[in-house]
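>
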Amino acid sequence: MGKPKVAFFKLSSCAGCQLTALNIEPILLDVLGVVDITYFVMAKRENHGGPYDIGFVEGAVTSPRELEELKKIREECSVVVAMGTCACFGGIPSIKNFCGMTQKEVEAKVYTELWDIKSMPVYGIDYYIDVDYYLRGCPIDKNEYLILIKSLLKGINPLFRFHSVCNECILKENVCLLIHKKKACMGSVTASGCGALCPSLGRECEGCRGPASDCNAESLAEVFMKDIGLSKADVARKFLKYAGNTPEFSKGVGHYEHY
Amino acid sequence: MLVVLKAKLKDILNTLAEEYKVLVPAKIEDTSKFISYKDNVDIILDENVKLSPKDVFFPQTEKMYKMKTVKTSMELENITDEAGKKLLFGVRSCDMKSLDCFDQVFLTKGYIDEFYKNKRDSVVTIALSCSQPMQTCFCSAMGVDSQKAVGADVQAYDLGDKIGLEAISDEGSKVIELIKGQLTEEGAEVPQPGEFYLKVDADGVSEKLNGMFESPIWDDVSKKCLNCGACTYVCPTCHCFDISQEVRGENVTKYRCWDSCMFGEYTQMAGGHNPRPTKKERVRNRFMHKLNYFPDRYNMLLCTGCGRCINVCPVNLDITSVIKQIKEAE
Amino acid sequence: MSTTRNIRVDYIARTEGDGAFDVLIDSNGIVKKASWNVWEPPRFFEAFLIGRKAEEIPEFVQRICGICPHSHHIASLRAIERAMDVKVSNQTVLLRELLHYSDWIMSHSLHIYYLAAPDFLGYESVIAMAGNSDLLPIVENALKIKRLGNDMIVVLSGQEIQNKTSVIGGFTSVPSVTDLRKLQDQLKKMKEFAYDTVKLTNTLASQSPYKDLSRRCEHVALQDVGKYAINEGRLVSTMGLDVPEWDYPKYMIEKHVPECNCKHSIIKDRDSFLVGPLARVNLNFNTLSIDAQKAAKEIGFTTPCYNPFMSIVARSIELVHAIDASIALIDEIGTPVFERPRFSYKAGKSFAATEAPRGTCCHGGQIDKYGVVKKWDIVAPTARNVYNLNKDFEEFIPKLLDLSDEDLTLKCEVMIRNYDPCQSCATHSLKVRLQRE
């Protein structure tokens, strides 16, 4: 078997996840030795058309043009990987779905000439196409990315376990930010895999990896209001951030439609 | 009783450190746990450590053995624990009781877990009595005597500004022998513990649970649980693990690491079936295991009343109130 | 040769984000149309930031761009702190500077070696360059210096991209002195390579036809007192602009030009302008580190330099400076102590600017007394440069008409890459436009 053909595609995003794919300097040349990167606009000038074996898609879908591109990507790639929180859940741009303005109002806030602006509500790519694997996080975790590549090369399932961030946090023997520091930490409802990065640095988890398996957002929302003293609007803001599109996180918002 | 001034404790520990690798309860940053004794560590004697010493015997991640493919066969390589005896100073009765629970699991009923046994055999324990229970303590309700630990080699007593020491086992006598010159004989009495803030009556809870597998209380108890698993990791008696492997080229490392019954994947089967599909079943299992299955099998509760799970639960899911709920249920 | 030539590239490789350009040359060799279009669909940051809390703004705006997150982050932090009257410690100021210089080291080495160098050396990518055994050592060192920038960011903010520790009022955790010293040792080791980079890039940019192409235009950058401006300063220009940074909305104006379908950034009452390393080096040469100045003098670099192809050289000079400045900052920071970040909400309005690796990055807006954002304005450096780039096209393309279409296309791409464009950032002032014949 030849080297698998790998493509990196960018929809609406900050390019941070693609950059993470390059931020593996000590072993970058080794990785390039086992895969054939045939399409990566940010890194190379000669890019070849499909079909590809693996397609990494970064970013959310925010315009009709991107939707067309995405459908083509699905046709061309045997394996599609949603790379990063925007591709998985809509990410930061999806906040505009919940800001209480209509699409036209949102457009008018930023642009004066509206005739050819065609924007849509923001969703992750699996709203439109089948996705084979998900790399969560804003940005993605390097190790998970490497585990996925390794698993795909070996033809096995990477088996990511999306426990809550608390799982990794407590194994790191951190002091709980929610209970003992009274910070509105989203760790208990957010999927682990980041090594509890933020809480280990004294920063409350903001939920960038999306809902954990068995996420209980209602219960945490109650703690936020009762013990931390957040208002209903504050709680809504907490859950309508990186993955407000997910049914798990929208449960945390309750009947409060927007902040 | 042989006593030493608390102010002179470090002299004793220095002597012991010549013979053993001494671990002491100490404060580090915002938390506290057992760490290797050095002259400058901040030893805490007025309350129990936030993290139990269970990882001394049952580490978070433990390499079990290595394998290497050589042509068409495999070579096995055992991993040896670090040599030398360890001495664990200042273990509270609740955490000593948890070692008793571990011993049952890993060393009885015809199966011996070598990984655990090697570590267990290399540790000598000096238990320390508690003078004042903490806000979340309820060990007496779980049948633990806060003044007299089970299985300790030496029992130490908190006598205010002094510490009293009493050898219990032969291993303990050897320890006392080493430091005898630094101790003085005084007629001190075993102190009376302070009153518990948290009052629980766990009598009969195991028997009551026999008929409660389908009880509606589990819906209620599990409602607010976040499934974060924090309780299982800080619990000194929780001992579930997962075995995994890391493959790098021709080298394979097998290791085991803590797992938690709070997670869906814990019972997930290869074919996709999950006998404990929702958190209701998982929360039920946690309490049933602690209060019913374990007593059934080993004749002791799998809870020592240390209160750590109460301290770390983000949603205040308190085992003592669960016990009350069970007892009050119809 | 007197036919109409239309040069189009549907995507510009080796830049951040999604862009395209379209040049139409008539039979007389006159550039009839030269436009750089950003395909990057809008994410509407300025719309959805409204109604969010002040402390969320720095967290969100850094996610505008994965390459220069800290430039957006620090600009927004400073605007908010000024609006809400939050004072930060000197240590925080220094740590933020070090954080931003880390980003410069990463972004500059990424641009020089990954994005721009292949153009000058005739390769399609750095991956292809690594295949040449003569160039492999350079590529390996390039990987190392970029890694160093990344390592610095990791020590300061937890992760290479999107920082986790920097918040309003300070840092949620500070690096250990041991880690900082380790970085300092690494910086000292990489300095020689940075120094060589100046020479290498100068050789590349001195090739024909690049060496003869220059165009006078206004250069704008922040200027600080006694040090090279990075996180704050006054806004100055080669044509006499000198105003406080928070007055940027009054002087840097966006003008709508119908035939071009994109907003043009101009200096009030004047014309297009350039932001970025070349402008900075031109305006702030005297505050560059001694060795950066020395490196510049050795290759005969003189200010003011109006050749945009020398941007890659200016970037290399700044790379030397960034290393020197970081070494000095680590000494000045000493042993960082943890200071709990504190702030309270207060109604206010303010603007601030930072020097992103690719130019002046502006943020600002209005916050109410509950800390809720009422209005937020973002202008990224690439948006500032678009109009100026189109003028480069008009000026330079007629001089390059002898080249084949293929070669001319590459030269146009190089002109764009001079600006190290960040097209994700630029979305705000550029319109998504469908190309039609």
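The listed protein sequences derive, respectively, from chains A, B and C.
For what it's worth, the working numbering labels the leading residue of the first sequence as 72, then goes sequentially.
For what it's worth, the working numbering labels the leading residue of the second sequence as 73, then goes sequentially.
For what it's worth, the working numbering labels the leading residue of the third sequence as 268, then goes sequentially.
For glycine and all other residues, C-beta sits at the position ideal for the given N, C-alpha and C.
As the structure is a computational prediction, the values presented were derived from the model and not from experiment.
N528/C to L388/C, Cα distance in whole Å?
Within the third sequence, numbered from 1, the residue matching residue 528/C stands at position 261. Within the third sequence, numbered from 1, the residue matching residue 388/C stands at position 121. Only weak support exists for where N528/C lies, its pLDDT of 49 falling under 50; the value from the coordinates is given anyway. Distance between the alpha carbons of N528/C and L388/C: 34 Å.
> Can you round the beta-carbon distance between C303/B and D331/B to whole angstroms, since I take them to be within the 8 Å contact cut?
Translated into positions along the second sequence, residue 303/B becomes position 231. Translated into positions along the second sequence, residue 331/B becomes position 259. Between D331/B and C303/B the Cβ distance is about 14 Å, and since that is not below 8 Å, they are no contact.
> Using CA coordinates, which residue listed in K135/B, A221/B, I395/B is at the minimum distance from R272/B?
Walking along the second sequence from the start, residue 272/B turns up at place 200. It is Val, not Arg, that sits at residue 272/B in the sequence shown. Among K135/B, A221/B, I395/B, the Cα nearest to that of V272/B belongs to I395/B.
> Roughly how many whole angstroms lie between the Cα atoms of S271/A and K252/B?
As a first step, residue 271/A must be located in the first sequence, where it is residue number 200. As a first step, residue 252/B must be located in the second sequence, where it is residue number 180. Each residue's alpha carbon lies about 44 Å from the other.
> Scan the stretch 242–261 of chain A for residues whose Cβ lies nearer than 9 Å to a Cβ of chain B and list them as they occur along the chain.
Answer set for the stretch 242–261 of chain A: L242, E244, N245, V246, C247, L249, I250, H251, K252, C256, G258, S259, V260.
> Consider the Cβ of R345/C: report whether some Cβ of chain A lies at a distance smaller than 8 Å.
Your numbering for residue 345/C matches position 78 in the third sequence. False, the Cβ-Cβ gap to chain A never drops below 8 Å.
> Who are the neighbours of L99/A on chain C, taking C-beta pairs under 8 Å?
As a first step, residue 99/A must be located in the first sequence, where it is residue number 28. Ordered by position in chain C, the residues that pass the 8 Å Cβ test against L99/A are L410.
> Taking buried to mean at least 16 other C-beta atoms within 10 Å of its own C-beta, is T569/C buried or exposed?
Residue 569/C sits at position 302 when you count from the first residue of the third sequence. Under this definition T569/C is an exposed residue.
> Look at the alpha carbon of L311/A and the alpha carbon of P544/C, and state the distance between them as a whole number of angstroms.
Translated into positions along the first sequence, residue 311/A becomes position 240. Translated into positions along the third sequence, residue 544/C becomes position 277. Answer to the nearest angstrom: the Cα atoms are 38 Å apart.
> In chain B, which residues lie less than 7 Å from T85/A when you measure between Cβ atoms?
Walking along the first sequence from the start, residue 85/A turns up at place 14. Note on residue identity: the sequence assigns Cys, not Thr, to residue 85/A. Near C85/A there are no residues of chain B at all, since even the closest Cβ is about 30 Å away, more than 7 Å.
> Checking contacts by CB at 8 Å: is P131/B closer than that to chain A?
Locating residue 131/B in the second sequence gives position 59, counting from the first residue. With its beta carbon at least 8 Å from every one in chain A, P131/B lies outside the interface.
> Where does V465/C sit, in a helix, a strand or coil, going by DSSP?
The residue labelled residue 465/C in the question sits at position 198 within the third sequence. V465/C falls in the helix class under three-state DSSP.
> Does any residue of chain B bring its CB to less than 8 Å from the CB of H234/A?
Here residue 234/A corresponds to residue number 163 of the first sequence, with the count starting at 1. With 8 Å as the cut-off, H234/A counts as an interface residue toward chain B.
> Does the distance from the C-beta atom of A314/C to that of K180/A stay below 8 Å?
In the third sequence, residue 314/C corresponds to position 47, counting from 1. In the first sequence, residue 180/A corresponds to position 109, counting from 1. In contact: A314/C and K180/A (Cβ atoms closer than 8 Å).
> Let me know the secondary structure DSSP gives H251/A once reduced to three states.
Sequence index remark: in the first sequence, residue 251/A carries index 180 (1-based). Reduced to three states, the DSSP call for H251/A is helix.
> Taking the Cβ atom as the reference point for each residue, do A592/C and A342/C lie within a distance shorter than 8 Å?
To locate residue 592/C, count along the third sequence from 1; it is residue 325. To locate residue 342/C, count along the third sequence from 1; it is residue 75. In this structure, A592/C lies away from A342/C, with their beta-carbon atoms at least 8 Å apart.
> Please state whether DSSP places H708/C in a helix, a strand or coil.
Residue 708/C lies beyond the stretch modelled for chain C, which goes from 268 to 704, so this question has no answer here.
> Please compile the residues from chain C whose C-beta is within a distance smaller than 8 Å of the C-beta of I108/A.
Position 37 of the first sequence holds residue 108/A. Residues of chain C passing the Cβ test: I394.
> Which same chain residues end up closer than 6 Å to R272/C when comparing Cβ atoms and leaving out the 5 residues on each side of it in sequence?
Sequence index remark: in the third sequence, residue 272/C carries index 5 (1-based). These residues qualify, in order along the chain: I292.
> Starting from N150/B, follow its DSSP beta bridges and name the residues at the other end.
Position 78 of the second sequence, counting from 1, holds the residue named residue 150/B. According to DSSP, N150/B shares a beta bridge with Y137/B.
> Mind pulling the chain A residues with CB within less than 7 Å of S440/C?
Along the third sequence, one-based indexing puts residue 440/C at 173. Within chain A, the residues near S440/C are L272, G273.
> On the criterion of 16 or more Cβ atoms from any shown chain inside 10 Å, does N417/C qualify as buried, or is it exposed?
Here the question's residue 417/C lines up with position 150 in the third sequence. Under this definition N417/C is a buried residue.
> Report the rounded CA-to-CA distance for L447/C versus V152/A, giving the unit in angstroms.
Here residue 447/C is taken as the residue at index 180 of the third sequence, counted from 1. Here residue 152/A is taken as the residue at index 81 of the first sequence, counted from 1. Taken atom to atom, the span from the alpha-carbon of L447/C to that of V152/A is near 37 Å.
> Identify which residue in C170/A, G104/A, P210/A, K189/A has its Cα closest to the Cα of I394/C.
The residue you call residue 394/C lines up with position 127 of the third sequence. Checked all of C170/A, G104/A, P210/A, K189/A; the closest Cα to I394/C is G104/A.
> On the premise that I379/C lies in contact with T468/C, defined as a C-beta separation below 8 Å, what is that separation, rounded to the nearest angstrom?
In the third sequence, the residue the question calls residue 468/C occupies position 201. In the third sequence, the residue the question calls residue 379/C occupies position 112. The pair is a contact, with the Cβ atoms about 6 Å apart (cut-off 8 Å).
> Below 9 Å on C-beta distance, what does Q429/C contact in chain A?
Sequence index remark: in the third sequence, residue 429/C carries index 162 (1-based). Listed along the chain, the chain A residues whose CB falls inside 9 Å of the CB of Q429/C are C85, G87, C209, P210, C279.
> If we call anything under 8 Å between Cβ atoms a contact, is G161/A one with V193/A?
For the purposes of this step, residue 161/A is taken as the residue at position 90 of the first sequence. For the purposes of this step, residue 193/A is taken as the residue at position 122 of the first sequence. Yes.
> Taking a cut of 9 Å between CB atoms, which residues from the stretch 324–351 of chain C lie near chain A?
E326, F327, Q329, R330, I331, C332, G333, I334, P336
> For the structure I just gave you, are there three or more beta carbon pairs, one from the stretch 188–204 of chain B and one from the stretch 151–160 of chain B, closer than 8 Å?
Because the criterion of three Cβ pairs below 8 Å is met, the stretch 188–204 of chain B and the stretch 151–160 of chain B touch.
> According to the neighbour-count rule (16 or more other Cβ atoms, all chains shown, within 10 Å of its Cβ), is V604/C buried or exposed?
As a working note, residue 604/C is residue 337 in the third sequence. It counts as exposed.
> Under a three-way DSSP split, which group does K143/B fall into?
Taking the first residue of the second sequence as 1, we reach residue 143/B at position 71. Looking at K143/B - three-state DSSP - the assignment turns out to be coil, as it is neither helix nor strand.
> Could you name the residues that DSSP lists as bridge partners for Y109/B?
Residue mapping note: residue 109/B aligns to position 37 of the second sequence, counting from 1. According to DSSP, Y109/B bridges with nothing at all.
> Hey, quick one: how far does the beta strand (DSSP E) through S671/C stretch, first residue to last?
By one-based count along the third sequence, residue 671/C stands at place 404. Neither: S671/C is in no beta strand (DSSP E) and is coded neither H nor E.
> Run the CB neighbour count on L148/B, radius 10 Å, all protein chains shown included, and call it buried at 16 or more, exposed below.
In the second sequence, residue 148/B corresponds to position 76, counting from 1. Here L148/B is exposed: its Cβ has fewer than 16 other Cβ atoms, across all protein chains shown, within 10 Å.
> Expressed to the nearest angstrom, what Euclidean distance is found between the alpha-carbon atoms of Y229/B and T208/B?
Taking the first residue of the second sequence as position 1, residue 229/B is located at position 157. Taking the first residue of the second sequence as position 1, residue 208/B is located at position 136. About 21 Å.
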